[in-house]
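Numbering (the numbering used here), first residue to last: 65 to 806.
Backbone N, C-alpha and C fix where the C-beta goes; we use that ideal spot for every residue, glycine too.
All figures in this text were calculated on a predicted structure; none of them were measured in a lab.
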């Protein structure tokens with residue numbers, strides 16, 4: 065008799081442990097570690113799903129009282145043993161339940177019915193087919209039959225899609241050919257591929273000296289090691305990645321390539337498919353359920369060797385993983401903002417160690433954590449200091465002081481220098497990019513008479529103005545609430561309602577007004593929501609179907625447009641004063657990445673940064689593309705304030721419909737933290753968004769040199785909370801290494 069240790073599919077602390085079940089004799093061969101099973105659970109024997117974490121022949125208690133597994137979960141996918149170990153590490157590190165961790169690492173939850181395609185194959189000799197064709201050609205009545213026979217003689221097999229493209233009614237004609245014994249039909253399973261038009265187009269390119277050295281040094285220390293590849297924008301990091309992938313494939317192992325934005329997927333897939341052909345696959349959330357399942361199967365069965373995608377692609381179930389590449393490793397998109405609040409970099413490090421693989425972190429603007437670890441020798445450190453051949457020269461960067469523009473009576477969002485540069489760029493038939501990290505039409509709507517700001521009824525934030533051709537509306541970017549644009553102030557009744565601030569939608573309209581003959585595209589969350597929305601926008605710009613691309617941060621990350629000679633950064637200050645200890649770092653990274661988009665072809669590039677703080681070290685360092693100068697200034701601030709990477713940090717977020725209950729809970733956490741040594745606990749406070757979706761929010765930050773101490777603090781708070789029934793409706797979550805303001 066065999067027994068299974070099962071974790072139930074309920075994400076509650078109270079049941080976050082294994083329960084042992086008997087395995088029926090007829091299922092002993094089928095139920096393995098990682099299987100999804102149906103079990104009777106609780107006093108009422110409710111039928112629920114669970115994951116098998118272990119199979120043993122030693123029962124933990126009296127088998128007469130032990131319940132029995134009912135069967136395998138229909139259509140469920142399984143978890144590999146190494147992914148279960150990774151899930152266990154995530155549970156311990158990030159404070160989630162094992163069930164939540166398993167649901168994260170098993171990125172495709174259920175099997176999806178396979179897709180099939182009909183194939184029609186000529187089943188007679190060439191002579192017999194030629195004779196049938198001759199008869200068909202003898203009569204105009206059989207012209208359709210003759211058309212299909214000619215194509216079958218040429219290709220031998222046709223798919224249903226090919227037949228319909230030749231003749232809309234072609235499949236009915238095929239039925240006649242089948243009845244005459246000329247053609248055989250069969251249905252075959254086909255994998256749903258997100259990008260069907262991509263093929264292998266090129267071999268490797270010759271690397272320069274710096275690139276060759278980076279590849280050689282990384283490859284010599286690849287087993288269980290982490291490397292930082294710090295290269296200026298356009299330095300050819302992707303070519304280094306591809307050479308490392310080639311070496312990994314030659315060893316019979318597999319590679320995962322992580323990118324921060326889904327919008328970068330198509331460009332990355334195109335480049336890697338061009339080198340490695342059909343060995344490349346892609347996984348991300350905008351694929352259909354069928355496409356996602358097929359890519360998961362291809363990876364699990366070893367039919368592909370390279371998978372590209374955002375942070376969820378990290379959990380690709382490769383059996384022979386040899387390399388993980390994390391491009392733009394500094395990007396905050398690698399941090400999950402839902403439970404479990406993991407950082408893909410930390411999970412990638414753990415998977416690298418568990419599977420004796422190699423992790424390469426690439427960036428022109430590395431996170432301070434990674435750069436510090438590289439300087440300390442914890443990571444391998446490799447530099448690419450100049451642009452690669454064919455990537456142009458570094459662009460000329462100019463900083464415009466918006467205070468002076470205002471003093472000189474220029475009230476436009478475009479400085480005079482940027483306006484003239486745009487005009488010149490368009491006259492030269494070149495392309496420009498305009499970056500503003502705020503979507504929508506305007507920042508807020510308020511009454512010009514009483515000053516009332518229209519806020520979301522459910523959140524403590526101002527609503528943003530959005531427009532279409534025939535209407536205007538207000539939207540909350542936190543809960544999604546929308547309201548019609550008011551005709552009068554809801555506070556004083558005044559008709560003088562105005563919108564303040566500027567978003568990408570308004571910038572697009574202003575550019576159309578200023579340059580009516582220019583072709584303008586916009587890329588932000590509003591325009592790229594649909595499945596291939598971002599790919600369509602960037603592909604159109606790549607093909608020079610537009611002159612100006614305006615957008616949020618998604619346009620400045622990793623794109624390679626050879627004809628872009630001008631980049632305008634409208635408001636460098638937007639991220640500078642967010643109240644976040646990482647504000648300076650985030651500003652420097654965005655400005656440097658944006659500046660790196662210009663001049664990547666054979667024409668010189670120009671970058672214009674508009675700011676009210678031209679002397680800020682993040683701006684001056686970005687203008688000079690001087691990472692070391694920025695690092696020195698920023699680390700002095702971090703050391704003074706004891707912020708990461710000097711220490712480790714975590715935050716508690718407590719939310720409740722009852723303000724007093726939320727506040728009393730967070731104060732108890734503060735009391736627990738003050739009793740622990742080697743832990744600095746900041747006094748609790750309302751969150752930056754003090755109310756969201758009608759729930760009041762409080763935060764508590766804690767810092768320690770040791771991650772273990774933060775985990776201990778979290779466990780003590782969880783133990784106290786488990787005893788207090790008063791807080792059963794209170795939402796309590798923790799975040800190790802927070803990267804945004806709560």
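Should residue 348 and residue 326 be called a contact, given that it needs their Cβ atoms to be closer than 8 Å?
As a first step, residue 348 is located in the chain shown; it is residue number 284 there, counting from the start. As a first step, residue 326 is located in the chain shown; it is residue number 262 there, counting from the start. Contact: yes.
_Cα-Cα separation, residue 508 to residue 523_ = Here residue 508 is taken as the residue at index 444 of the chain shown, counted from 1. Here residue 523 is taken as the residue at index 459 of the chain shown, counted from 1. Roughly 14 Å between the two C-alpha positions.
Candidates 504, 635, 651, 663, of which the one nearest residue 452 by Cα: The count along the chain shown starts at 1 and reaches residue 452 at position 388. Comparing Cα-Cα distances from residue 452 to each of 504, 635, 651, 663, the minimum goes to 663.
**Asked** If you draw a straight line from the alpha carbon of residue 354 to that of residue 344, how long is it in whole angstroms?
**Response** Working through the chain shown from its first residue, we reach residue 354 at position 290. Working through the chain shown from its first residue, we reach residue 344 at position 280. Cα to Cα, the separation comes out at about 18 Å.
* Asked: Any idea which residues DSSP pairs residue 750 with across the strands?
  -> Reading the chain shown from its first residue, position 686 is the one you call residue 750. Bridge partners of residue 750: 762.
Between residue 220 and chain D, is any beta-carbon pair separated by less than 8 Å? Judged by its chain identifiers, the structure shown contains no chain D, having just a single protein chain.
Paired residues, beta bridge with residue 631 - DSSP:
Your numbering for residue 631 matches position 567 in the chain shown. Partner(s): 497, 671.
**Prompt:** By the 10 Å Cβ neighbour count, where 16 or more other Cβ atoms means buried, how is residue 389 classified, buried or exposed?
**Reply:** In the chain shown, residue 389 corresponds to position 325, counting from 1. Answer is buried; the Cβ neighbour count reaches 16.
DSSP state of residue 514 mapped onto helix, strand, coil: Locating residue 514 in the chain shown gives position 450, where the first residue counts as 1. Note: residue 514 maps to coil in three-state DSSP.
Is the CB-CB distance between residue 100 and residue 150 below 8 Å? On the chain shown, position 36 is the one that residue 100 refers to. On the chain shown, position 86 is the one that residue 150 refers to. Taking 8 Å as the Cβ cut-off, residue 100 and residue 150 do not qualify as a contacting pair.
message: Classify residue 314: buried if its beta carbon has 16 or more other beta carbons within 10 angstroms, exposed otherwise.
response: Counting from 1 along the chain shown, the entry for residue 314 is found at position 250. Exposed.
Once the 5 residues before and after residue 530 are set aside, which same chain residues still bring their CB inside 6 Å of it?
Residue mapping note: residue 530 aligns to position 466 of the chain shown, counting from 1. Cβ within range, chain order: 504, 505, 537, 539.
**Report entry** Own chain partners of residue 525 with C-beta closer than 7 Å, once the 5 adjacent residues on each side are dropped
**Finding:** Here residue 525 is taken as the residue at index 461 of the chain shown, counted from 1. Excluding residues within five positions, the ones whose Cβ falls inside 7 Å are 519, 540, 542, 753.
**Prompt:** Relative to the ligand ZN, is the shortest distance from any of its heavy atoms to the C-beta of residue 513 smaller than 7 Å?
**Reply:** Of ligands this structure carries none, so the ligand ZN is not represented either.
Discussion item. Are the CB atoms of residue 661 and residue 620 within a distance shorter than 8 Å?
Written reply: Locating residue 620 in the chain shown gives position 556, where the first residue counts as 1. Locating residue 661 in the chain shown gives position 597, where the first residue counts as 1. Contact: yes.
Subject >> Rounded straight-line distance, which links the Cα of residue 711 to that of residue 766 >> reply: Here residue 766 corresponds to residue number 702 of the chain shown, with the count starting at 1. Here residue 711 corresponds to residue number 647 of the chain shown, with the count starting at 1. Distance between the alpha carbons of residue 766 and residue 711 is about 10 Å.
> Does the distance from the CB of residue 444 to the CB of residue 309 come in under 8 Å?
Replying inline: If you number the chain shown from 1, residue 444 lands on position 380. If you number the chain shown from 1, residue 309 lands on position 245. The answer is no: Cβ separation not under 8 Å.
Spatial neighbours of residue 220 in its chain, beta-carbon cut-off 7 Å, leaving aside the 5 residues before and after | Mapped onto the chain shown, residue 220 falls at position 156. Once the five neighbours on either side are set aside, the close Cβ partners of residue 220 are 185, 186.
Out of 764, 680, 737, state which residue places its alpha-carbon closest to the alpha-carbon of residue 718. Counting from 1 along the chain shown, the entry for residue 718 is found at position 654. Comparing Cα-Cα distances from residue 718 to each of 764, 680, 737, the minimum goes to 764.
- Message: Determine whether the beta carbon atoms of residue 610 and residue 656 lie at a separation below 8 Å.
- Response: Residue numbering aside, residue 610 sits at position 546 when the chain shown is read from its first letter. Residue numbering aside, residue 656 sits at position 592 when the chain shown is read from its first letter. Contact: no.
In chain order, which continuous runs of the beta strand (DSSP E) of length 3 or greater are located wholly inside the stretch 412-451? 422-427, 444-448, all fully within the stretch 412-451.
My assumption, with CB atoms under 8 Å, is that residue 222 sits in contact with residue 216. Please give the rounded CB distance.
By 1-based counting over the chain shown, the position of residue 222 is 158. By 1-based counting over the chain shown, the position of residue 216 is 152. Confirmed, about 6 Å.
Among the residues of its own chain, which have a CB less than 8 Å from the CB of residue 416, if the five just before and after it don't count? To locate residue 416, count along the chain shown from 1; it is residue 352. Result list for residue 416: 288, 289, 290, 388, 422, 423, in chain order.
Cut-off 7 Å between Cβ atoms - residues of its own chain near residue 77, not counting five sequence neighbours on either side
For the purposes of this step, residue 77 is taken as the residue at position 13 of the chain shown. Result list for residue 77: 161, 782, 786, in chain order.
Legend entry - CA nearest to the CA of residue 192, picked from 558, 462, 213: Reading the chain shown from its first residue, position 128 is the one you call residue 192. Here the closest residue by C-alpha is 213.
Note to self: Taking 8 Å as the threshold (C-beta atoms), are residue 665 and residue 626 in contact?
What the structure shows: Within the chain shown, the letter at position 562 stands for residue 626. Within the chain shown, the letter at position 601 stands for residue 665. Yes, they are a contact pair.
Counting C-beta neighbours from all protein chains within 10 Å, is the total for residue 458 16 or more, i.e. buried, or is it exposed?
Residue numbering aside, residue 458 sits at position 394 when the chain shown is read from its first letter. Its Cβ being crowded by 16 or more others within 10 Å, residue 458 is buried.
Where does residue 532 sit, in a helix, a strand or coil, going by DSSP? Here residue 532 refers to the residue found at position 468 of the chain shown. Here residue 532 sits in coil by DSSP.
**Report entry** Simplified DSSP assignment, three categories, for residue 330
**Finding:** Position 266 of the chain shown, counted from the first residue, corresponds to residue 330. The answer is helix: DSSP assigns residue 330 an H, G or I state.
**OP:** Could you give the DSSP three-state label for residue 465: helix, strand or coil?
**Re:** Start at 1 with the first residue of the chain shown, and residue 465 comes out as number 401. Strand at residue 465.
- Task: Helix, strand or coil for residue 154, going by three-state DSSP, please let me know.
- Result: On the chain shown, residue 154 is found 90 positions in, with the first residue counted as 1. Helix at residue 154.
message: Is the separation between the beta-carbon of residue 632 and that of residue 588 shorter than 8 Å?
response: For the purposes of this step, residue 632 is taken as the residue at position 568 of the chain shown. For the purposes of this step, residue 588 is taken as the residue at position 524 of the chain shown. No, Cβ-Cβ distance for residue 632 and residue 588 is not below 8 Å.
Taking 8 Å as the threshold, find out whether the stretch 274-281 comes into contact with the stretch 406-416 through three or more Cβ pairs. no
Legend entry - Run of the beta strand (DSSP E) containing residue 84, from where it starts to where it stops: Within the chain shown, numbered from 1, the residue matching residue 84 stands at position 20. Taken as a continuous stretch (DSSP letters only), the beta strand (DSSP E) holding residue 84 covers 82-87.
Nearest to residue 689 by CA position, among 71, 743, 574, 427, is which residue?
Sequence index remark: in the chain shown, residue 689 carries index 625 (1-based). Taking only the C-alpha atoms, the option nearest residue 689 is 427.
| field | Validate contact between the stretch 715-734 and the stretch 693-707 using beta carbons, cut 8 Å, 3 pairs | value | No: the two stretches stay apart, fewer than three of their Cβ pairs being nearer than 8 Å.
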